[in-house]
Amino acid sequence: MAEKDFFERVYGVVRQVPEGRVTTYGAIARYLGAARSSRMVGWAMNNSHAVGGVPAHRVVNRKGLLTGKHHFPGTDLMEQLLWNEGVEVEDDQVIHFDRLFWDPNKEIKQE
DNA sequence: TCAGTGACTGACC
DNA sequence: GGGTCAGCCACTG
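Count along the first sequence starting at 1, add 5, and that's the number in my numbering.
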């Protein structure tokens with residue numbers, strides 16, 4: 006893969022997340038070879054609004070918790086977006102997270 | 001320049 | 001098995 010910015014790689018991975026699926030900060034960080042820099046993934050999401058086209062609502066923490074929902078314009082926008090894609094959310098947590106989890110390491114795993 | 005903070009995670013007790 | 005600690009890197013005051 007080309008030597009793109011760390012953020013660009015994060016965005017690239019998030020954009021590849023299929024509709025109705027979710028992934029985690031850790032999975033993305035691991036895919037980028039920075040498993041211990043998962044916070045940077047979260048930071049990238051914080052900046053994703055400036056880039057646009059990044060379904061940040063499909064990115065949750067490893068527990069399937071919508072930890073970043075408060076960073077969305079609407080209080081429940083993140084949850085609404087997930088519901089709109091067929092992802093069930095309850096108590097700020099993705100239901101059947103294990104089933105909906107989309108691992109870039111397994112789905113992409115190339116380059 | 002230094003110190004604090006954050007949309008996280010894994011290890012340790 | 002649940003709470004605590006440290007590591008990671010970038011940004012802000």
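From the three backbone atoms N, C-alpha and C, an ideal C-beta is built for every residue, glycine too.
Beta carbon of residue i, beta carbon of residue j: below 7 Å?
i: R67; j: T28; result: no
i: I33; j: V46; result: yes
i: V65; j: L71; result: yes
Decide if residue i is buried, meaning its Cβ has at least 16 other Cβ atoms within 10 Å, or exposed.
i: H62; result: buried
i: A55; result: exposed
i: K74; result: buried
i: R14; result: buried
i: L37; result: buried
Does DSSP classify residue i as helix, strand or coil?
i: L71; result: coil
i: R85; result: At residue 85 the sequence reads Gln, which differs from the Arg that was named. Helix.
i: V59; result: coil
i: E24; result: coil
i: E13; result: helix
Thinking residue i and residue j are a contact (beta carbons under 8 Å), I'd like their distance in whole angstroms, please.
i: R35; j: V59; result: Their Cβ separation, rounded to whole angstroms, is 19 Å, which puts R35 and V59 out of contact at 8 Å.
i: F11; j: A49; result: 7 Å
i: W107; j: R26; result: 4 Å
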